[in-house]
Amino acid sequence: MSNTASHTIQLIPRPGQHDGEGARVAEAARRHLHLHTGAVQTSAVYTVRYPLTAAQLQSFAAQCLQDPLLNDAALDQWAVAPEFKSYILVAKGPGVTDDEGTSAQNALQDFLGLDLDIRTQHIFSKRLYLLEKELPETDLRHLAEELLGNKLINRFVVGHTAQGIRDFTPQPGGGADSTTHTIRLEHLTDEELVQLSKENVYALNLEEMQAIRDHFYAPATQISRAEAGLTPDPTDCELEILAQTWSEHCKHKEFAAVIRYRNAVTGEEKEVDGLFKTYIKGATSEVDRLLRANGNDWLIKVFSDNAGAVRINKDSLFVWKVETHNSPSAIDPYGGAITGILGNNRDPLATGIGGARLLFNTNVLCFGPPNWSGPLLTGQLHPRRVFEGVRKGIEDGGNKSGVPTVNGAIVFDERYRGKPLVYCGTGAVLPMQLDGKDAWEKIIDAGDRIIMAGGRVGKDGIHGATFSSIELDEAAPATAVQIGSPITQKLAMDFLLLATRRGLIKCSTDNGAGGLSSSVGELAGISGGATVELEKVPLKYPGLRPWEIFLSESQERFTLVVEPSKLAELNALAAEMEVELSDIGQFTDNGRLDVTFDGQPVASLALEFLHEGVPRKVLDAEWQLPTLHEPKLPASLDATDLLIKLLGALNICSREAVIRQYDHEVKGRTVVKPLMGRTGQAPQDAAVVQFNFESWEGVAVSNGILPRYGDIDPYQMSAGAFDEAVRQIISVGGKLPNLTPGDGIFWSVNDNFCVPDSVYDPVTNPDGKQKLAALVQLCEALRDMCVAYHIPLTSGKDSMKNDFKADGQKISVPPTVLYSMTALMPDVRRAVTSDFKAAGDVVYLLGDTYDELGGSELYHLFGELGQNVPRVRPEQAKELYQKVSEAHEQNLILSCHDLSDGGLAVAVAESLFGDDNLGAELTLAGALPAPTELFSESHSRFVATVAPEDVVAFEALMNGRATRLGIVTDNGRLVIRHQDKTVVDAATADLREAWSNGPVNRVMAGEELTLQA
Amino acid sequence: MADSTAAEQPNNEQRVHALVLTGFGINCEEELAAAYRLAGGAATIVHFNEVLGGQTSIHDYDVLNFPGGFSFGDDLGSGVVMANKVRFRKLPSGRTLLEEIGAFIQAGGYVVGICNGFQMLVKMGLLPDFAGQQEREVTLTHNASGRYEDRWVRLAVNPNNRSPFLKGLTSLEVPVRHGEGRLVIRDEQVRSRILAEGLNCLTYCDTTGCETAVYPLNPNGAELNCAGLSDTTGHVFGLMPHPEAFLSLYNHPDWARRKRLDPTLSEEGDGLKLFRNIVEHIRQTRAAQPTEATANQVSL
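For the protein sequence lines, the chains are V and R, in the order given.
All residue numbers for the first sequence refer to full-length UniProt numbering, where the first residue is 1 and numbers rise by one.
All residue numbers for the second sequence refer to full-length UniProt numbering, where the first residue is 1 and numbers rise by one.
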C-alpha cells in the first residue's frame, strides 16, 4: 500500500464458500502448464482513489461490494491465510478499460448520494490469486501470462507472501501534451520514405509515400497551407490521417487494383479492372437489373454505407453486415473478439440515419487445432488460448449487449494458428422512415454539428487500421489492442434508438478503424468538408497528443450529425440516459478536412486528395495447376467405423459446449436455434429469427465456408461456399429470390475475403502471383453464383494480409471466403428443422451424388487432399431448390438437412441426434462405391423426410430429383445397405456420443487433448 | 423516454398495466412487455432513470417488472449496482426507490424479477425478506459449472406457492440463460422457513416432474434445486429462468417434432401462462374490490 492517498478493499471467499475460480485456475495450471499450485484462492481487489473517511470506506465495502453470504472484506491491508505461500496480482495496464472499476464508481456515487467524477478512473479493479505452493517467480509469471491475463493489457505482480504483497495501480498519463510535430518529406530518398512509413506504422508503400510528398510540396498545396497557418512540411496528424484513410483496411487498395491475370493452364490472359468493381459490384448491378426487370425492387442500399439494406415490407428495412477482426484477435483473443462483435454491431446501428434495432449476431471462427503440439513462434499464442479467448469475447460481446448469437461455425486448420479468422455478423431492423425521413439516407449540410457520443478517448487502438493492413509480427504494438465495454455501448445504443425516433439526429456513423479521422473524414465527403476542434474531445486521461486523439480507436463511440437547433433536446436526453455527448466541430463545404487544437491548426487536407489521391496498384496474378492426385483408399474399409471417426473429427464434432455459452434466444424470437430436437442436440442448418411479436415474418441466416476445397480449386471452393449458404436457407424453408414477379422475397449477402499476402515479391512472397490468381478465381465464382441464383451482395469486407511472421518464419492462412446469407421467411411457423421427427416417415436424398471426395473430411482422415473437388452445377441446383421450396410450400417436408462435411452418412446421423429412440433403415441404390455414396461431399443435396401419406404427392412434385432411401424407425439404430451389403450399423446413441464427446466439447471442458484426439 | 403502447389500447383504465424497467444493460424488456400485451394487459417500458428521477411513478402501475439482462455488466456481482441504486438513490420524494417499492407492495402491487431482475430483487433484500428489513437472506452467485449457459429446463411448481403468477400450474418448460443462478441460503433457519412457507415456488426437475440436483437438469447447483422464490405475501416473485422467452410454441427447441406428433398443439408457450395468470388475478381482484381499484395511489 505505497500510495497513502488510496484505499484498498479485498474481498475474500468466506470459509466454506466454494471458490470455483480458484479451483479452475489450479486445475488449468496442472493440465496445461504442468504446474502444481496446490489450493488457489481468488479475491477481488478494489483500489479506491476517492478521498473517503474510514467509516465511508467500511460501509461502502460492506454495502456495495461485499456479498455478506459469500465473502469477507479486508480494508487497507492484505488478508492472506498462512497456508498460502505465493501470490499473483493481476491489474490492468494504464489506460485499459476497467468496467468493473467504473461500476464500483457508479455504486459509490449512488451510495454517498454525491455527484462524483465517474467518467475518469478512480476505482481500479484487480484480482489477487493466492497459491498454496511456493513456486519460483518464473513459474508464477508464466502462469499469470498463460492463464490469468494478457501482458499487452494486464500488469502482473508475482512473489512470495512471506515478503509481503506488492501492489500495482495504474497511474495513467502525464500532463496534457498539445505538441504537433512536422515531418519533412522533401528531398527524402526512396529508402528514407519507406523507412519513415515503416517506423511510424503508416503501412504505405513507396509509391504512396511519393504521392503524398508530391502533393504536399506542390505550389497549390503550399499556398493553401500558408493560408491555413500551417507549416510547409506536413504535420504528424496529417500523415497519420492519410495513412489511416489510405490503409488497405479502409481503402481496399488490392480489391481496387488493376490485375494482370494469366491462367497458365488454360492460356487465358486478361486485365481485371478492379476485383470489387468487376466482380462484386458488377454482380450486384447485374442482379439488381434482373430483380427490377421482374418487379422486385427491395434492394435499397448496397456497398455505400456501414451496412447494406433491403426492404422487408413497406414499414421496415433489414440491415446486414459481416466483418472480420483477425489481427487484434491474434494478439489479444478476448479483446479482439469482443471489439469485433461490438464494432460490427455499430455498423447496422449507424447505417443511414441510425438507430436500427439489433436482431441477431452470427459468428464464424477459424482456428488452429486446439491440440496443436508443434512449436510456437515468438509472440504467437497457442491455438487453444486463441479459441478460448475469442469464445469468451463473443460470449460477453453478444450476451452483455442483449443480442442473440443465433448460429455460426468453427473451422479448424493448422494454417490458422498464426492468425485466426474472426468473422462477426449482425442483422438489424430499421424503420423505413424516422421522423418522416428516409431512414437509410445520410444527408449532411454545412453548419451541422459533429457530435461524439459514447466512450471517452484514450491511447487504445491507435493504428488499428494500418496495423491490420500489415503482417503480424512479434513486435505487434500494445496500443493496437482495444478493450470493449459492452455496457458503455448498450447505453449508447439505447440512446441512439430513442434519439433517432425523435428526429434529433440527422445521421450517424460508427467510430471504428481510424477513429474520428475515418468517421469524420468519410462524413465530410457528404457535406464537402469539416472542421474538428480536438481539445473538445473528452479524454480518459491526459497525455494524448492531437494526432492520437484524432486517430484513437477507443471503442463504443458514434459520430452523430446534428442540426444546431436540435442540440439542446439531444443533450437533455443524453444526460437522462447517462451518455456523454461532446460537440467537437462542424461540417463545412469548403472541400477540406480541417483539424485544430486550442485554436491552432494541426491538419488541413483537401478531401479530394484524401479520398481520391491514393495511387492505384497494378498487380500480377498467374495461375499454375497445383500438383494433385486422387488417393487410393484401403480396399476393406468399415464404413461404420469411418462414420464414428468422422463424427468425432475436429471439423464435424459437436460444438455444444461453445454454443451453450452464447445466449441464442434473448429477445424471444429465435425459432430455429443452433441445436434442437428432444435432446436439444440436433444441429441445424440456417437459423430463423422472427422480426417482432406482431407478425410471423422473419429471416433465415446461414454461413458458407469451405477453405480446404481451395487447395484444389479456388473457383469451386468459392462457388461451393456460396451454394452451401444458399442450400441451408432452402433447407429451413426459404425460397430463392425473383422466381415470381414482385414476390418481395429479399436476400442479402455479405462476402468476406480473408487471404494471405497476395502481392508478389521475389524474396518475401515468391508465390504471390499464384495466391492473387486464386483470389481472382474466388471472385469469378462469386459473380457467377450471384447471377445464377439472382442473389445480390449488399456489403462485405476484405482482409488481405493474414500472415504471421516471426523468427524468420511465416504462417499464412489458406485463402478463405465466407458468404453470410439472409433471406426473408414470410412465416417462421413454416420453418423446417433438420431432425427426423417420427418413426415411419420416409427418408429421401434430394440431389445427386458424384465421385467428389476431393477435399473431403473422409480424405482428411487419411491425411489426403485428393483431386475430385465437389463442383457446383448451378442450373441443376436451382431447379432442385425450386422444387424443394414448392414441397415446403405444400407442407410436404417434415425434416430437411443440407449435406456438407462428411456427406450423406454424417447428415443422416445428425438428423437422428434429436431423439435417441429414432433410427433409420436405408438402402443406397447408387452405382458408386459405398465410401463415395456415403461420404462424398457433392453440393446441392439434402436429406429429407416425408410423412407416409404425402409420399405420392412428394415424389410427383420432385419428378425424379428425390431418391427414396428408406424409413425412419423407432429402434434407435442407423442401418445403411449398399449393393445388398450392410455398410453402416450403429446405435443412434453411440453415434451421438461419438459426436458429443468430440474434441471441441472436451477442450471446452478443460481437457488437454493429445495430437491424436 | 416511455415506449408505451398503452395509449393505443382501448379502455386503458381497465387494463392491467405493467411497468417494465430498462436501461444500464437490461435487455429482455421487449419480450417481457410483449408477454403482458399477449396476455391481455398493457405494458410500458421506461428507463430506470425516469423512475429514479420521478418522471414516472411506480404507483401508477399494477406490476413492477425487473427484466433480465446484464445490468452494469454483472460487475461487482450480478444485479448489485442496480440494487444499490434502488437502495440508496433518493427520489424527488425524498425516499429511496426501495421504500417506494415497499409502499407499492403494501398497497397491493406486484413485483417480479426475472434472471438479472431476480438477482436485483435478491440483492435488494426483497426475497425472501422474512425479517422485513430488506437484509440479504439468500444470494445468487456463479453457477457450479463456472459457466454461463443457455439451455432449456423443466420446473416443478410448488403446490403451496403464494404467487398468483403460478396459479394452476404444476410444471413448465423454460430456458435458463445465466452465469450466476446458483441460490445460496444464509443459514439453516432461513432454509427451513423457505421450505415451511413454500417460498421456493419453482424447482428444477426431471422429465417426470421430480426435483433433481443432477446437472444439467439443475443447471447451476442451486440450493433446494430452487429456480424461483416468492416473499411471504406472494406479491414479490423472482425466478432465474425466462418465461418471457417462451411466449409461443416456436420458441421451444423441440417445437417442430412436437407439432409433427400433434398437429393440434397450441401455438402458445408455457411462459405466457404466467402472464395470463397475473393479468387475470389483478383483474379479478379489482372486480372483487371495485372501490379500491385505484388504491395503489397511496403513499407511505
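A virtual CB, placed ideally from N, CA and C, is assigned to each residue, including glycine.
Fair warning: this is a prediction, and the values are worked out from it, not measured in the lab.
Between which two residues does the alpha helix (DSSP H) carrying residue i extend?
i       : result
V/T339  : 333-349
V/W623  : Counting along the chain, V/W623 falls outside any alpha helix (DSSP H), though it belongs to the beta strand (DSSP E) covering 618-623.
V/N1001 : 999-1004
V/R501  : 486-501
V/W547  : 546-551
With a threshold of 16 other CB atoms inside 10 Å of the CB of residue i, please say whether the residue is buried or exposed.
i      : result
V/I223 : exposed
V/S695 : exposed
V/R417 : buried
V/F753 : buried
V/P766 : exposed
R/S192 : exposed
V/D827 : exposed
V/G267 : exposed
R/A295 : In this prediction, R/A295 has a pLDDT of 44, which is less than 50 and means its spatial position is unreliable; nothing more can be read from the coordinates.
R/L202 : buried
R/Q133 : exposed
R/C210 : exposed
V/A321 : The sequence shown places Lys at residue 321 of chain V, rather than the Ala named in the question. Under this definition V/K321 is a buried residue.
R/P241 : buried
V/Q586 : buried
V/P370 : buried
Beta-carbon within less than 6 Å of residue i's beta-carbon, same chain only, minus the 5 sequence neighbours each way: which residues are those?
i      : result
V/Y760 : D620, G768, K769
R/A287 : none
V/F96  : Per the sequence shown, the amino acid found at residue 96 of chain V is Val instead of Phe. So the qualifying residues of the chain are I153, I483.
R/G234 : R162, S163
V/E100 : S125
V/Q777 : P714, Y715
Report, in whole angstroms, the separation of the C-beta atoms of residue i and residue j, which I expect to be a contact under 8 Å.
i      : j      : result
V/N363 : V/P404 : Actually they are not in contact, since the Cβ atoms of V/N363 and V/P404 sit about 12 Å apart, beyond 8 Å.
V/L421 : V/T509 : Actually they are not in contact, since the Cβ atoms of V/L421 and V/T509 sit about 25 Å apart, beyond 8 Å.
V/S37  : V/K133 : A small correction: the amino acid at residue 37 of chain V is Thr; Ser does not occupy that position in the sequence shown. Right, their Cβ atoms sit about 6 Å apart.
V/S718 : V/L853 : So it is not a contact: roughly 20 Å between Cβ atoms.
If the cut is a Cβ gap below 9 Å, which residues of chain V does residue i touch?
i      : result
R/L261 : K837, A838
R/D270 : The contacting residues do not exist; R/D270 stays about 13 Å from chain V at best.
Give me, in chain order, the residues of the same chain whose beta-carbon lies closer than 8 Å to that of residue i; leave out the 5 immediate sequence neighbours on both sides.
i      : result
R/S266 : L249
V/D723 : G704, M785, V872, P874, A877, H939, S940
V/L610 : I241, L242, T245, G521, L593
R/A293 : Caution is warranted here: a pLDDT of 45 is assigned to R/A293, below 50, making its placement in the model unreliable, and no coordinate value can be reported.
Got a sec? Which residues, its chain only, sit under 7 Å from residue i by beta carbon, not counting five neighbours each side?
i      : result
R/L91  : L52, G54, L97, E100
V/V287 : C786, V787, H790, I791, P792
V/T182 : T231, D233, P234, T235
Can you tell me whether residue i sits near the ligand MN, meaning its C-beta is under 8 Å from at least one heavy atom of the ligand?
i      : result
V/H252 : Summarising the ligand content, the structure contains no ligands, and the ligand MN is consequently not present.
For a contact defined as C-beta to C-beta under 7 Å, what are the partners of residue i on chain V?
i      : result
R/Y250 : V671, V828, R829
R/Q139 : Per the sequence shown, the amino acid found at residue 139 of chain R is Thr instead of Gln. D67, L69, L70, listed in chain order.
Listing by chain order, which chain R residues have their CB less than 7 Å from the CB of residue i?
i                       : result
V/N106                  : F72, V81
residue 1018 of chain V : Nothing in the structure corresponds to residue 1018 of chain V, since chain V is present only between 1 and 1013.
V/T284                  : Chain R residues near V/T284: none, gap ~33 Å exceeds 7 Å.
V/K667                  : E30, E31
Can you tell me where the beta strand (DSSP E) holding residue i begins and where it ends?
i      : result
V/Y416 : Where V/Y416 is concerned, there is no enclosing beta strand (DSSP E), given that its DSSP letter is neither H nor E.
V/D72  : 71-75
V/K883 : Not the beta strand (DSSP E): V/K883 falls in the alpha helix (DSSP H), residues 874-889.
V/E921 : 919-924
List the residues of chain R whose Cβ lies closer than 9 Å to the Cβ of residue i, in chain order.
i      : result
V/Y662 : Y148, D150
V/R678 : P253, D254, R257, R258
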